[in-house]
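Participant: Protein sequence lines correspond, in order, to chains A and B. Residue 1 is where the first sequence starts when you use the numbering used here, and the numbers rise one by one after that. Residue 1 is where the second sequence starts when you use the numbering used here, and the numbers rise one by one after that. I have a structure I would like to understand better, so I am pasting it below and will then ask my questions one at a time.
Protein chains: 2
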Amino acid sequence: MKKAEATRRTILEKAFDLIYMQGYQATSIDEIIATTKVTKGAFFYHFKNKEEMGLAVIKEIMYEGMYKNMTQSIADSKNPLKDIYNLFKELLLLNPYMQVKYGCPANNFMQEMAPLNDAFNIAFINMVTEWHNMIEQCIKRGKALGQIRKDVNPKQVAYFVMSGYGGIRILGKVYNSTDCYVTYLKELKSYLNSLQ
Amino acid sequence: MKKAEATRRTILEKAFDLIYMQGYQATSIDEIIATTKVTKGAFFYHFKNKEEMGLAVIKEIMYEGMYKNMTQSIADSKNPLKDIYNLFKELLLLNPYMQVKYGCPANNFMQEMAPLNDAFNIAFINMVTEWHNMIEQCIKRGKALGQIRKDVNPKQVAYFVMSGYGGIRILGKVYNSTDCYVTYLKELKSYLNSLQ
DNA sequence: CATAAAAAATACTAAGTAGTATTATTTACA
DNA sequence: TGTAAATAATACTACTTAGTATTTTTTATG
């Protein structure tokens with residue numbers, strides 16, 4: 001990686017961390033540069049303004065992470081219900097980056113900025129739609145494989161399980177304990193089994 | 001209501017609105033006073049600082065709203081599954097205050113501030129626990145009434161449906177359309193019926 | 001009505017904010 | 001190696017922020 005590219009990457013990664021823990025609006029450029037070896041000159045060389053940087057965080061860090069952690073494992077699943085359950089378990093209990101206290105980075109960012117910034121929101125829609133499609137396809141495959149009842153509506157189920165994930169992330173932040181994740185996962189398993 | 005009390009109330013209500021639409025950290029005292037007829041002197045007469053005001057918003061506006069809109073209708077329900085479904089439908093599609101674009105005020109506030117302010121978080125825990133207990137009791141009643149299967153775990157179900165609500169509020173913000181609410185509600189109905 | 005306390009108005013401060021202008025350094029490559 | 005372009009450093013600006021200090025007005029009550 002070229003040095004300039006590394007500087008840019010440093011900015012995006014630090015910004016991602018701070019946004020994850022504090023929120024986008026509460027994260028200042030001064031703080032990003034104070035906690036890296038990047039100067040203000042370098043920051044504004046790489047990004048026209050704070051918004052452009054925020055957009056790059058979504059598209060280059062968040063989207064990549066979402067794709068890697070939230071879609072790959074169910075992309076060609078032969079056991080849709082099982083693999084969807086495992087995906088959520090992995091995300092909630094095993095993912096090394098996410099912390100109960102701070103929830104899910106994408107969730108946080110979307111909740112904060114979706115109504116406030118159209119450019120951000122377009123990127124959010126892309127992320128969410130991508131995830132939704134992956135889950136929907138997975139459910140459809142489960143039907144084709146005869147593992148899921150014929151009358152199950154894949155689109156509905158996809159929205160339903162996505163919602164559960166988003167919501168339990170909020171409860172986790174409030175209780176600051178994985179206990180509620182565990183409880184949620186038990187019921188998720190029951191629900192998914194009820195689709196058989 | 002005494003005049004001073006009205007001033008205090010004006011501050012809290014305007015603050016609630018702005019926090020709902022912009023977030024707590026992004027809402028400045030200057031903006032609150034600029035959009036009311038309240039001066040800075042009056043503001044700091046009623047509240048020691050911004051945090052104390054935020055706490056009052058949670059305890060006096062949000063908690064009240066939560067209690068009124070989210071627990072009363074299921075408090076002594078004789079048809080738990082039906083009434084829980086109706087509660088969510090009412091909250092998502094009929095509640096006059098909440099807007100798809102801005103989601104649920106309590107959700108937003110919790111997601112933003114739970115990890116950042118302990119005093120706020122204690123108040124959030126009270127709110128969430130109250131709601132959780134109400135739903136759990138409702139499910140238990142459903143079991144006692146023979147409307148819900150014996151093997152259903154009320155605590156798990158309560159977390160599960162609460163999660164769904166929190167999450168679909170986020171999706172609603174991103175898509176800025178009630179369509180996903182409608183889709184979600186259909187699957188919620190299926191899920192609740194599966195508990196019979 | 002007098003007056004003390006409650007409530008509110010005004011003007012200010014110090015720190016933080018995004019962003020700019022200018023200068024300096026590093027890099028690529030002719 | 002020389003030099004132009006790319007990258008980065010420094011110092012600054014105009015504005016916003018939470019909060020304070022001080023004064024003024026309003027209210028309650030003897």
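For glycine and all other residues, C-beta sits at the position ideal for the given N, C-alpha and C.
#1: Enumerate, from N- to C-terminal direction, the unbroken alpha helix (DSSP H) stretches of 4 or more residues contained entirely within the region 63-121 of chain B.
#2: What residues from chain B crowd round V128 of chain A, counting only those whose CB sits closer than 7 Å?
#3: Is it a yes or a no for the region 58-77 of chain B touching the region 7-25 of chain B, going by three-plus beta-carbon pairs under 8 Å?
#4: Quick check on DSSP: helix, strand or coil for Y24 of chain B?
#5: So with CB distances below 7 Å, who are the chain B contacts of S194 of chain A?
#6: For N49 of chain A, count neighbouring C-beta atoms within 10 Å of its own C-beta (all shown protein chains included) and say buried if the count is 16 or more, exposed if not.
#7: Below 8 Å between beta carbons: does that hold for K89 of chain B and K173 of chain B?
#8: Does the distance from the CB of C138 of chain B to the CB of I74 of chain B come in under 8 Å?
#9: Can you give the beta carbon distance from M66 of chain B to M113 of chain B, rounded, assuming they're within the 8 Å contact cut?
#10: If you run the structure through DSSP and keep just helix, strand and coil, what is N193 of chain A?
#11: Got a sec: is the Cβ-Cβ distance from Q147 of chain B to anything in chain A below 8 Å?
#12: Rounded to whole angstroms, what is the Cα-Cα separation between G164 of chain B and G41 of chain B?
#13: Give the single residue among A:Q156, A:V157, A:R169 and A:A158 whose Cα lies nearest to the Cα of M162 of chain B.
#14: For T183 of chain A, return the contacting residues in chain B, with the cut-off set at a CB-CB distance below 7 Å.
#15: What does the alpha-carbon distance come out to for the pair L92 of chain B and A4 of chain A?
#16: Answer with yes or no whether the minimum CB distance from A114 of chain A to chain B is below 8 Å.
#17: Strictly below 7 Å CB to CB, what residues from chain A border F124 of chain B?
#18: Out of curiosity, what's the CA-to-CA distance linking L145 of chain B and D17 of chain A?
#19: Enumerate in chain order the residues of its own chain whose CB-to-CB distance from V152 of chain A is below 6 Å, with the five nearest sequence positions on each side excluded.
#20: Which whole-angstrom value describes the C-beta separation of Q111 of chain B and Q111 of chain A, a residue pair presumed to lie in contact below a C-beta threshold of 8 Å?
#21: Helix, strand or coil: how does DSSP classify T7 of chain B here?
#22: Starting from L171 of chain B, trace the alpha helix (DSSP H) in both directions and tell me its first and last residue.
#23: Looking at the unbroken alpha helix (DSSP H) that takes in F43 of chain A, where does it start and where does it end?
#24: Could you give the first and the last residue of the continuous alpha helix (DSSP H) run that contains I32 of chain B?
#25: Could you check which residue in B:D30, B:N79 and B:N107 has the C-alpha nearest to that of K140 of chain B?
#26: To the nearest whole angstrom, what separates the beta carbons of Q25 of chain A and G23 of chain B, a pair I think is in contact under 8 Å?
#27: So which residues on chain B does N121 of chain A lean against when the C-beta distance must stay under 7 Å?
#28: Along chain B, in chain order, which residues have C-beta atoms closer than 7 Å to that of Y102 of chain A?
Facilitator: From the atom records:
#1: Those alpha helix (DSSP H) runs which fall completely within the region 63-121 of chain B and span 4+ residues are 63-66, 80-89 and 105-113.
#2: L171 and V174
#3: yes
#4: Three-state result, Y24 of chain B: coil.
#5: S194
#6: exposed
#7: no
#8: The Cβ atoms of C138 of chain B and I74 of chain B lie closer than 8 Å to each other.
#9: Their Cβ separation, rounded to whole angstroms, is 16 Å, which puts M66 of chain B and M113 of chain B out of contact at 8 Å.
#10: If DSSP states are grouped into helix, strand and coil, N193 of chain A belongs with the helices.
#11: no
#12: Rounded to whole angstroms, G164 of chain B to G41 of chain B spans 43 Å at the Cα level.
#13: A:R169
#14: K155, Q156 and Y159
#15: 48 Å
#16: yes
#17: The contacting residues are V174.
#18: 49 Å
#19: For V152 of chain A, where only same-chain residues beyond five positions count, the Cβ hits under 6 Å are L195.
#20: For Q111 of chain B against Q111 of chain A, the beta-carbon gap comes to about 5 Å, under 8 Å, which counts as contact.
#21: helix
#22: P154 to Y175
#23: K40 to H46
#24: Judged by DSSP secondary structure, I32 of chain B falls within the alpha helix (DSSP H) whose first and last residues are I29 to A34.
#25: B:N79
#26: 6 Å
#27: V174
#28: P115
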